Structures are given as C-alpha cells and as structure tokens.
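**Student:**
Residue numbers (this note's numbering), protein chains in the order written: chain A, 1 to 314; chain Z, 1001 to 1492.
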C-alpha cells in the first residue's frame, strides 16, 4: 500500500527523470549544465504559469480553453498601458485584471447558463482573441522598454534564476497550499469529484466555480506578462493553441479531465517533461515534427499509465 | 462450477466454491459483502480467471477468457447497475452487438421483429420498441436488459441484486417473469441481500461466507434466522435494538408542503419513517425539506428557522441529509475519508478559511474507530471501501457535523447484514433517552419494510405523491404497510 502510494505520487517525477535521462544519454552531460537547465526553466515558464491556474479549473471538473487568448490579450493590454506611460507594475496588474475580467465572464456564463465549461470557454476563446485583435487594431504594438522585458532574461549578478521563474515558483507554492490547506481548495476538489454531493453538503458551488475561473484567468494574465517580457511587444496573435500545451501539462501531471484529481507539483513536472522533450529534441538535432510526435506519445502514454495504476487498485 | 479458487495478492477471495444450477431452476446466492459473490460471478461471466477449479455448461467444459466469450457460451449477467445505452432505442439496445445485417447494412425490419419477439417471450409486448431507453422506468429498463440476454440465446441468467432500485410492485413483476423464464427452461442464479426475496423466488439457495460454501438447500422450509446464521457464521441477536426513547421538543415542522402534500412534526427522541413505493415521491419530499428542490407551497420550519432554505443553510440550522445514491450524490469517491467526513463543516478545522489536514484526519480517525469502519486509515480514498463502510462514512459525516435532525434516505441500501446491524444500533443510540445530552430526531425513508417497522416510532405512508398522516408503528404490520403504499385500502 505505502509502496504503491509512493509510486503513485512519484509517478510523474519518475517520468521526468526517464525522459531527462534519455536525452542526457543522447546529448551528453552538457544537457544538464546549469545554463541549459536555466534555458529550460525559462522556456517552460509561460506554460507553467498558465498551467498552475488550469490545475484549479481541471480539479474542479472544468476546463478553460480561453487561456491562450487571454495571454494574447494580456500582452496587448500591457503594451497599450506602457505606451500611455503607465508604471510597469500597474501595466502588469492591468494585464492580470484583464485576465480576471475574462475569468469572471467565463465563470458567470458557466454557472448561470449551465453550459459546460468546454463550450463556454471555446466561445470566449474566440471572443477574447477578437477583443485582443480589436484593441491592437490587428497589429503588433510596440512598447517602450522597461524592466518588464527582463523577467525571463538571464539574471545578472547574484540571482540564481530570472525573477519571472521565481514568480512561477512562489505562486506554485501558494496555489499548492491553497488547494490543500484552505476550505476553498477542498471545496474545489469536492465539486470536481462529485458536484451533486458537494451541493448536498452545502458547498457554495456557484461562488466557488466563479472564483476558480477568475483565478485560472488571472494566472493566464500573469502568463501573458511573461509572454510580453519575452516578446517585448503586444501581439494579439501570440499563444494560439497554447491552451492545449497548458492542458497537456496538467494531464501529464496526473490531473483528470473528470475532475477531483490533480496537483500543482504534478502540473509543473508535466510542463517540465514537455519542455525537456522540446529542447532535448532540438539540441539533438531532431526536427520539429519529431518533437511533436514524441510529445503526443508522452501525453497518451502518461494518461494510459495513470489509468493502469488507478484501476489496478480497485 | 466446482472447486473454484481465486486470490488477489494475499487475499483469498474464493476458496473452493461449488455452484450448480439446472435448467428450469432458480438458485439464490446469498452472502454478506465481501463473501465472494461478486468474484464468483466475475469468474462465471468470464471477467475473472479462476486460479483453480473448473466450470461446465451442459457437460461441456466452459473456460471463458472474456465476458464476450461467456456471453457466446450462453451466460448472461444482469448487474445492479444496468448497462444500457440511454439514447438508443429499445430495439437497438436489445440487439446491441448482435444486430442482424443485410449486405452490411442494418436490417431494421428484422431488428424490430427480433426485439419484439424477445420482449414477447417475457410477456411484455407493451414496451415501445422505438422509445429511447433513457425515457423508460428503471423496471422497464431491466426488462430490456433481460430481453437482450434472451435475444442472444442465453441459457444461464445471472441477476445481481436486481431489486435494489425497484418498488414492490415491480419486484413482483420481476418475480413473475423469473418464474416464466424458469418454466421455459432457463437456469437462473439470483443474487440478493434480501433473504425474503431469495426464499420467495428461488427453489434452492447457497450461502457464501469468506469465500466458501457455508451451506444451502431447498428454500422451502428454510427459516430466515437459519439463513442469517449461515451468513454471519454465528447466531445474531435482535437486528433492531430499541432503547427507551422520550419524545422531546419539536425540531422539524412541515405543514401542507408541496410537492408531497406533507404535514408532520418531528420531535427529538423519535424516528419518523416514510414508507411508499419507489416513485411515490418519498425522495422528492426529503429533498424538498432539505432545500435541494424548490418548495412550491406550504411551510418547513426547523427549530426557530422558518421558510425555504438552501442545503447550506440547512446544515447551519442543524439538519443533515444522507442521500439514497451513495455513488452519485453521497460521497466523493476520489477523495479520501477525512475529506468526505469533514466537508460540511470545514470551518471547524482551522480559522479564516485555512485548514489543518492533520486535524481533519484526527477527527476522521475517531469516527473510523467508533463506527468500526474497515479501512487503511483516514487518508484512504472512499472509493476503495466496501459499500457498507462507505455508507458508514456518509452517516458519520452527519454525526461529525453534529446535526440535530438527520434526514436519511435509504440508510441501508445495498450494504451487508453486518453493517446494517451496526447502523441500526447507531440510529437507535442517537434517539435514545440518555442523561446529559439531547437526543436527535430522525426522518427516514426506506423501501425495506422490516427495517421501518423495526426502527421507527411512527410511520407515514406516501402514495402517488401524497404523504399520509403519521401513525404509531404498532398500528402497522408489513402487510398493512404494503396495502397502504399500493392503495389497497387502509391508511394513506
């Protein structure tokens, strides 16, 4: 029992070790050099940030397909605010607020219209993308250079990692704690595991779900801040299809689309696995199409392995 | 089946079990949860491979590698949870996997013809062939599933707890049908928790205990007590203890409540039972009282709180509800025991929205001990436990919340005799007159009449969406309750 639960918990981490080990063997020890590890961390930061939020949506039994569009909207909002000479901190907060507004729309539509999250967010994915393009007048928006552009830069001096990565780590710890050590977190799990039971037990379902979608979208907004930092312009066409990478990270990390299961740690490892494959393939000189095939196989294999593990126990 | 043996890891689920059924015979299979009934049926159906032993059908060796092979050999299972496609029509469901085709296309005319004949064999030509199965009653869906078994030419029909979601009238219909199939020469294995059902419908019975044959024989002449003794291995005392009870303050007052046309007052220190057929509106009434369904008119008053309320408010007013549907509404099977137990009152485990999982687990450990819940510990997932232990968790949630009024919908559905006895004892202790604490009040619905008569102080009968006046339990016998519920005169 304990041995099995250990494998249960460490399953995703083992997957990461295996994948990293394979590329380490193919490429050599320089694959694990500090510089390369940091490159991977920077590469994975945007997906990881959005995936922290997505973990909450998926644990609650829902999904948010609009995060890619929210990321694009966030970059546009930051660029527009910076052009109006708003303080960079306020510009970043503006992007997060724009995300929160999108999440509020998602949450209210899902709970009031009683339409499944997949459909609602499929709709808002298009709507928000349209809004971003409209705001940007279908162009990239140049913005003055500020420290916001350095969030994912190689740090100078003593800092071990770029500040954007620290932000991801800090917020990951916060959300992990939120899910485990707060009433809200346990309500999210209860709703995802069995919504009818949650209702019977007096859980405020509507309110909890709305908060989940607002938080998910705020994390997408933060991912947008990191995306802007990488691009240094506001781009309404960025992050198309990124929501699928984000969802894949949560699923590889042990989240269940049926709800009730998922952890922040697992999600981050899931995101890391995908990044290791991408960078490993490109450094080994494999073409982009090989990366895509390998990533696809990993997604299906991760879920299949998970199914085998859990069904074996019942 | 002879000498069937099956182990899972170190656990021996079946240890040399024999089972024989002849054509034209109904054999009842009885046993507590965990006695090995499901494993034995899994082996028979081909879902599990036995470690030792052999099976023969009509003398021919039968060793199915999969349920499909089992089906082809003529063994059909009807499980507790029906396996039908709700959006497909009756015809399509009956012939699912065995559709007649012509030139690779479905032969619709022949499909209707074959399905119609299978239903006619059951004596049910009244079922609409084109209706989507999801629109039919549970009893009718069960008929469709039996018709499917006949359509593929089954010779051994196995029914697992077939009456668990049927009302009494439907149960009688099913029994008549089984007699008909028996007369047609089918061999039938009937699995049930209800000893009365087995003695009523079966010719012979077999009791399994701890993976072995504990006994059996013809049902004619076998007494209820004797069979229970075989199941539990020792003689049991009175299943329904009854301590001294003293009726206290009124805590729940329902007046002309619609839906349900219900008026009653529930006091501390008493158990008010609601009898009635499935579909008579019993569950709806409980759900309306608890705020899960809207009040159309009338009044619900809980202690000093008046008016309709949400489930959230009901919990705060000291009312807790146990759902009849453990899997879909009772428990979060993917979550652990501690989470399930403490969900309604997480605020007791930390301040300002924060939680202490260790305190949750400590509280859960207390209930696991007090209620004798068989599990690995508070962190085990609820879905890994047996039905009886899951039900104890669902009930413990109400006790953990420390509600004054317990609204129980089918508190012992689908659980073994041992757990039932424990739950009866517990319910009795809650309303018992004891110094130093106020007794609880219990409102409960049950389809199992001996249970209602055994534990309740007063019983009201629900018929066609209308609740009758509660009467003292002494005014009823099982027979009279049944008559009142089915509209045969007295009461209601």
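Glycine included, C-beta positions come from ideal geometry on N, C-alpha and C.
Remember, it's a predicted structure, so these values are computed and weren't measured experimentally.
1. Which residues in chain Z sit within 9 Å of residue 260 of chain A, going by Cβ to Cβ distance?
2. Report yes or no: is there a C-beta of chain Z within less than 8 Å of the C-beta of residue 32 of chain A?
3. Hey, how far is the Cα of residue 314 of chain A from the Cα of residue 1051 of chain Z?
4. May I ask which residues mark the beginning and end of the alpha helix (DSSP H) holding residue 69 of chain A?
5. Out of Z:1308, Z:1370 and Z:1211, state which residue places its alpha-carbon closest to the alpha-carbon of residue 1259 of chain Z.
6. Using a Cβ cut-off of 7 Å, pull out every chain A residue sitting near residue 1087 of chain Z, in sequence order please.
7. Only counting the same chain, and skipping five residues up and downstream in sequence, which positions put a Cβ closer than 6 Å to that of residue 1481 of chain Z?
8. In the DSSP assignment, what are the bridge partners of residue 1255 of chain Z?
9. Is the region 1105-1119 of chain Z touching the region 1027-1046 of chain Z in the sense that three or more CB pairs, one from each, lie closer than 8 Å?
10. Given that residue 190 of chain A touches chain Z, what residues does it touch there, using C-beta distances under 9 Å?
11. Since residue 1190 of chain Z sits in a beta bridge, which residues does DSSP pair it with?
12. Is there a Cβ of chain Z sitting closer than 8 Å to that of residue 204 of chain A, yes or no?
13. Mind checking who residue 1270 of chain Z pairs with in its DSSP beta bridge?
14. Can you give the Cα-Cα distance for residue 1025 of chain Z and residue 1408 of chain Z, rounded to whole angstroms?
15. In chain order, which alpha helix (DSSP H) runs of at least 4 residues are fully inside the region 1384-1459 of chain Z?
16. Any C-beta of chain A sitting closer than 8 Å to the C-beta of residue 1252 of chain Z?
17. Could you tell me whether any Cβ in chain A is nearer than 8 Å to the Cβ of residue 1311 of chain Z?
18. Around the Cβ of residue 1439 of chain Z, are there at least 16 other Cβ atoms within 10 angstroms (buried) or fewer (exposed)?
19. With residue 45 of chain A and residue 152 of chain A assumed to form a contact (beta carbons below 8 Å), what rounded beta-carbon distance in angstroms separates them?
20. Please go through the same chain and pick out, in chain order, the residues whose beta-carbon is closer than 7 Å to the beta-carbon of residue 95 of chain A, but skip the five residues on each side of it.
21. Short of 6 Å in beta carbon distance, which residues of its chain neighbour residue 110 of chain A, apart from the five on each side in sequence? Order them along the chain.
22. Under 7 Å between beta-carbons, which chain A residues line up against residue 1321 of chain Z? List them in chain order, please.
23. Checking contacts by CB at 8 Å: is residue 125 of chain A closer than that to chain Z?
24. Between residue 267 of chain A and the rest of its own chain, which residues show a CB-CB distance below 6 Å, the 5 nearest in sequence each way excluded?
25. For residue 1125 of chain Z, tell me which candidate among Z:1091, Z:1134 and Z:1135 has the shortest Cα-Cα distance.
26. Alpha carbon to alpha carbon, how far is residue 108 of chain A from residue 210 of chain A?
27. When burial is assigned at 16 or more other CB atoms within 10 Å of the CB, is residue 1352 of chain Z buried or exposed?
28. Using DSSP with H/G/I as helix, E/B as strand and the rest coil, what is residue 175 of chain A?
29. Quick one: grab the DSSP three-state call for residue 1013 of chain Z.
30. Spatial neighbours of residue 82 of chain A within its chain, please: C-beta separation below 8 Å, excluding the five flanking residues on both sides.
31. Measure how close the beta-carbons of residue 122 of chain A and residue 65 of chain A come, nearest whole angstrom, since I'm counting them as under 8 Å.
32. Check each candidate in Z:1160, Z:1347 and Z:1255 and name the one with the smallest Cα separation from residue 1296 of chain Z.
33. Measuring CA to CA, which of Z:1057, Z:1063 and Z:1472 is closest to residue 1049 of chain Z?
34. At least one CB of chain A closer than 8 Å to the CB of residue 1347 of chain Z: is that the case?
35. Three or more C-beta pairs under 8 Å: does that hold for the region 1142-1156 of chain Z against the region 1064-1080 of chain Z?
36. What's the C-alpha gap between residue 1235 of chain Z and residue 1223 of chain Z?
**Tutor:** For this structure:
1. 1332, 1333, 1334 and 1335
2. no
3. For residue 314 of chain A, the predicted model reports a pLDDT of 35, less than 50, meaning its position is unreliable and no value from the coordinates is stated.
4. 67-83
5. Z:1308
6. The premise fails here: residue 1087 of chain Z is roughly 17 Å from chain A at the closest Cβ pair, so nothing lies under 7 Å.
7. 1275 and 1449
8. Z:1299
9. no
10. 1332, 1335, 1339, 1340 and 1343
11. Z:1028 and Z:1159
12. yes
13. Z:1441
14. 38 Å
15. 1387-1401, 1417-1431 and 1449-1455
16. no
17. yes
18. buried
19. 6 Å
20. 74, 77, 78, 221, 224 and 225
21. 117 and 120
22. 200
23. no
24. 51, 55, 249, 250 and 253
25. Z:1091
26. 6 Å
27. exposed
28. helix
29. strand
30. 88, 91, 143, 144, 146 and 148
31. 5 Å
32. Z:1255
33. Z:1063
34. yes
35. yes
36. Legend: pLDDT at residue 1235 of chain Z = 45, less than 50; position of this residue unreliable, value from coordinates given subsequently. When rounded, the distance between both Cα atoms is 13 Å.
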